[in-house]
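**Q** Below you'll find the structure I mean.
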Amino acid sequence: MAFVQQDSLVDLIRSSRGVVVVDHRGLGAEDMEDGARRAAAYLRARGVCRGDGVVLVDDGGGAELLMTLLGAWWLGARAMIVAATDDAREVDSAVAATDASVVVRGQPTGQGSEVAYRSVLTGSQPLTAAPECGPSDVALDIATSGTTGTRKYVSFTHGALLANVTGIAKRLSLTRQDRLYTPLPMSIAGVIGMLLLPGMLAGSSIHLGRLGGVRIAQSHRQLEATRPTLVYGVPYMYELLSGQSRSVDFDGLRWLICSSAPLPSSTFDRVWQRFGVPPRSSYCLAEAGTVTLNTSDDLEVVRNTVGEPLDGTTIRTEPADSASAGRIVVSGPSCGLGYRTGGQVDLFPSGEVWTRDLGMLERGLLTVAGRVDDVIQVAGTNVDLAHVRSVIGRCPGLGEFALVAADHGRLGRVPVLLVVAGTMSTTVRDVLHFCRTALRDVEVPREVRVVTEIPRTATGKARLREEYGR
Numbered sequence: 001m002a003f004v005q006q007d008s009l010v011d012l013i014r015s016s017r018g019v020v021v022v023d024h025r026g027l028g029a030e031d032m033e034d035g036a037r038r039a040a041a042y043l044r045a046r047g048v049c050r051g052d053g054v055v056l057v058d059d060g061g062g063a064e065l066l067m068t069l070l071g072a073w074w075l076g077a078r079a080m081i082v083a084a085t086d087d088a089r090e091v092d093s094a095v096a097a098t099d100a101s102v103v104v105r106g107q108p109t110g111q112g113s114e115v116a117y118r119s120v121l122t123g124s125q126p127l128t129a130a131p132e133c134g135p136s137d138v139a140l141d142i143a144t145s146g147t148t149g150t151r152k153y154v155s156f157t158h159g160a161l162l163a164n165v166t167g168i169a170k171r172l173s174l175t176r177q178d179r180l181y182t183p184l185p186m187s188i189a190g191v192i193g194m195l196l197l198p199g200m201l202a203g204s205s206i207h208l209g210r211l212g213g214v215r216i217a218q219s220h221r222q223l224e225a226t227r228p229t230l231v232y233g234v235p236y237m238y239e240l241l242s243g244q245s246r247s248v249d250f251d252g253l254r255w256l257i258c259s260s261a262p263l264p265s266s267t268f269d270r271v272w273q274r275f276g277v278p279p280r281s282s283y284c285l286a287e288a289g290t291v292t293l294n295t296s297d298d299l300e301v302v303r304n305t306v307g308e309p310l311d312g313t314t315i316r317t318e319p320a321d322s323a324s325a326g327r328i329v330v331s332g333p334s335c336g337l338g339y340r341t342g343g344q345v346d347l348f349p350s351g352e353v354w355t356r357d358l359g360m361l362e363r364g365l366l367t368v369a370g371r372v373d374d375v376i377q378v379a380g381t382n383v384d385l386a387h388v389r390s391v392i393g394r395c396p397g398l399g400e401f402a403l404v405a406a407d408h409g410r411l412g413r414v415p416v417l418l419v420v421a422g423t424m425s426t427t428v429r430d431v432l433h434f435c436r437t438a439l440r441d442v443e444v445p446r447e448v449r450v451v452t453e454i455p456r457t458a459t460g461k462a463r464l465r466e467e468y469g470r
């Protein structure tokens, strides 16, 4: 299917025949344009101009957030969507890093720059002026997960996002007959970039569940009501959904897309059995959007790789110390500009994103092998935590776990295994026995900690650096 080339994301939405269903409300292009004009008028009255930053907190209605986002784009402003959280530092950090002049949220705290979504959408008459944004204007500032280091913020232009969403829609052969669904909150960048915008480009119906966290397990009701042809999610989400015994008919489902990280083999099998179609891994980066999509008909390719790069995207690998795989380097028109600090963007050198991921390219297919950070030295011997994690995942009765590296006074960095108490059907002694049988001495976790829960980001990634010295 051929898609009409657009100059901005606002043009994409205005010309779309798609419908966004959020908070039990269906929004077509006319509805979103009316809301965007109202939001643009309010934001302009607050002094927001082309190039300014606006932070949107995902703690109110999804329709209100979406129309405010479009209103910011209408003015040529850039937006950043922040997860709802009790930690005010998350919002403060986003404001400082993106130099935002306005913060919009469902429940303002009373700070001077904060306003309510309701005020934004009801406080002004619709703006009559034409959109002011173009391909080179920055549309989104996207935060990295922060699980492997200090959180950074990446700036994406309208042109880059248009290139990415067009590549996604083409690769998945999306049409007006498709029904796209995710239970994830809108603060997850992939919800906007990999689901909403490609769906609107194709004229599909897009259903946003906005659950997140452990509430993802409740999404079976939404799945029954939506009967999607495509589901977008992350490993933690599929882990939760695949463990349910509730019977659901997924007739018509074409694609199960998993971003953030490849699924472990055992989870892959459970998801396939649960949904009736194999899950497809994609390689996604906060710095480059969706890089690959696995749409192969070859089951071995589906199971073991993250697929081929999208059209226009280039991947290569560079030698990495202490690793058999190479460091993944990405370039192309859909990449971000660089990391933003306040009003400045530190551009990626030569437009290339040098990731911390390790991978192998064979016949154009990418296999993700781990991270540079996953290779540690234990008593002077290299230990690949990705390999250790994969082996431990086969331990019978282990349940939910995370493998981290902690400082050891004599051995350097050592593996430490965290296991969630309520999910175990075995003992710590048996777990250690399995590890000693299946792993080298230096790879065996020096400690097994039984915990009540593992702290996670909104996408389900284990957030462990501060807590466990990773």
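In our numbering, the protein residues as written are 1 to 470.
For glycine and all other residues, C-beta sits at the position ideal for the given N, C-alpha and C.
All figures in this text were calculated on a predicted structure; none of them were measured in a lab.
Where does the unbroken beta strand (DSSP E) through Gln377 begin, and where does it stop?
**A** Along the sequence shown, read from residue 1 onward, the residue named residue 377 stands at position 377. Looking at the DSSP string, the run of the beta strand (DSSP E) that includes Gln377 is 375-378.
**Q** Could you give the residue range of the beta strand (DSSP E) that holds Ile328?
**A** Here residue 328 is taken as the residue at index 328 of the sequence shown, counted from 1. From DSSP, the beta strand (DSSP E) with Ile328 extends over 326-331.
**Q** Can you tell which of Cys133, Ser204, Ser101 has the C-alpha that lies nearest to the C-alpha of Gln6?
**A** If you number the sequence shown from 1, residue 6 lands on position 6. Selected option, being the one with the closest Cα: Cys133.
**Q** Return the CA-CA distance between Thr295 and Ala261, expressed in angstroms with no decimal places.
**A** Here residue 295 corresponds to residue number 295 of the sequence shown, with the count starting at 1. Here residue 261 corresponds to residue number 261 of the sequence shown, with the count starting at 1. Roughly 16 Å separates the two Cα atoms.
**Q** State the start and end residues of the unbroken alpha helix (DSSP H) segment that holds Ser93.
**A** As a first step, residue 93 must be located in the sequence shown, where it is residue number 93. Per DSSP, Ser93 belongs to the alpha helix (DSSP H) from 88-98.
**Q** Which one or two residues does DSSP pair with Tyr283 in a beta bridge?
**A** Here residue 283 refers to the residue found at position 283 of the sequence shown. In DSSP, Tyr283 forms a bridge with Thr292.
**Q** Would you identify the three-state DSSP class for Gly2, choosing helix, strand or coil?
**A** One-based indexing of the sequence shown puts residue 2 at position 2. The amino acid at residue 2 is misidentified as Gly; the sequence shows Ala. If DSSP states are grouped into helix, strand and coil, Ala2 belongs with coil.
**Q** List the endpoints of the continuous alpha helix (DSSP H) containing Glu111.
**A** Here residue 111 refers to the residue found at position 111 of the sequence shown. In the sequence as displayed, the identity of residue 111 is Gln instead of Glu. It is not in any alpha helix (DSSP H) - Gln111 carries neither H nor E in the DSSP assignment.
**Q** Given this structure, state the Cα-to-Cα distance separating Thr175 from Leu65, to the nearest angstrom.
**A** Taking the sequence shown and counting its residues from 1, the one referred to as residue 175 is at position 175. Taking the sequence shown and counting its residues from 1, the one referred to as residue 65 is at position 65. When rounded, the distance between both Cα atoms is 25 Å.
**Q** To which residues does DSSP link Tyr483 through a beta bridge?
**A** Absent from the model: residue 483. The displayed extent of the chain is 1 to 470, so no value can be given.
**Q** Does DSSP put Ala202 in a helix, a strand or coil?
**A** Within the sequence shown, residue 202 is the residue found at index 202, counting from 1. Ala202 falls in the helix class under three-state DSSP.
**Q** Figure out for me which residue from Arg440, Thr314, Trp73 has the closest Cα to the Cα of Phe156.
**A** Looking up residue 156 in the sequence shown gives position 156. Comparing Cα-Cα distances from Phe156 to each of Arg440, Thr314, Trp73, the minimum goes to Trp73.
**Q** For Thr544, I'd like the list of residues in its chain whose CB is within less than 7 Å of its CB, leaving aside the five on either flank, ordered along the chain.
**A** The first residue shown for the chain is 1 and the last is 470, placing residue 544 beyond what the model contains.
**Q** Opposite Thr426 in the DSSP bridges: which residues?
**A** Your numbering for residue 426 matches position 426 in the sequence shown. Partner(s): none; Thr426 has no beta bridge.
**Q** Quick one: what does DSSP say Gly233 is sitting in, helix, strand or coil?
**A** Translated into positions along the sequence shown, residue 233 becomes position 233. If DSSP states are grouped into helix, strand and coil, Gly233 belongs with the strands.
**Q** Please name the residue in Gly252, His207, Pro235, Gly243 whose C-alpha comes closest to that of Thr471.
**A** Residue 471 is absent from the structure shown; the chain starts at 1 and stops at 470.
**Q** So, at 6 Å on beta carbons, what are the nonlocal neighbours of Arg316 in its own chain, with the 5 sequence-adjacent residues on each side left out?
**A** For the purposes of this step, residue 316 is taken as the residue at position 316 of the sequence shown. So the list reads Val329, once near-sequence residues are dropped.
**Q** Do you know whose CA, among Gly159, Leu208, Ile188, lies nearest Tyr490's CA?
**A** In this structure the chain extends from 1 to 470, so residue 490 is not present and cannot be described.
**Q** Mind reading off the beta-carbon distance from Leu293 to Ser282? Whole number of angstroms is fine, and I expect it under 8 Å.
**A** Sequence index remark: in the sequence shown, residue 293 carries index 293 (1-based). Sequence index remark: in the sequence shown, residue 282 carries index 282 (1-based). Right, their Cβ atoms sit about 5 Å apart.
**Q** Taking 8 Å as the threshold, find out whether the region 91-108 comes into contact with the region 35-55 through three or more Cβ pairs.
**A** Contact between the region 91-108 and the region 35-55 is present, because at least three Cβ pairs lie under 8 Å.
**Q** Would you mind stating whether Cys435 and Ile376 have Cβ atoms separated by less than 8 Å?
**A** In the sequence shown, residue 435 corresponds to position 435, counting from 1. In the sequence shown, residue 376 corresponds to position 376, counting from 1. Not closer than 8 Å, so no.
**Q** Quick one: using the 10 Å Cβ neighbour count with 16 as the cut-off for buried, is Pro235 buried or exposed?
**A** Counting from 1 along the sequence shown, the entry for residue 235 is found at position 235. Classification of Pro235: buried, given that the 10 Å Cβ count is 16 or more.
**Q** Figure out for me which residue from Glu33, Gln125, Thr68 has the closest Cα to the Cα of Gln13.
**A** In the sequence shown, counting from the first residue as 1, residue 13 sits at position 13. Contrary to the premise, residue 13 reads as Ile rather than Gln in this sequence. Closest by alpha carbon: Glu33.
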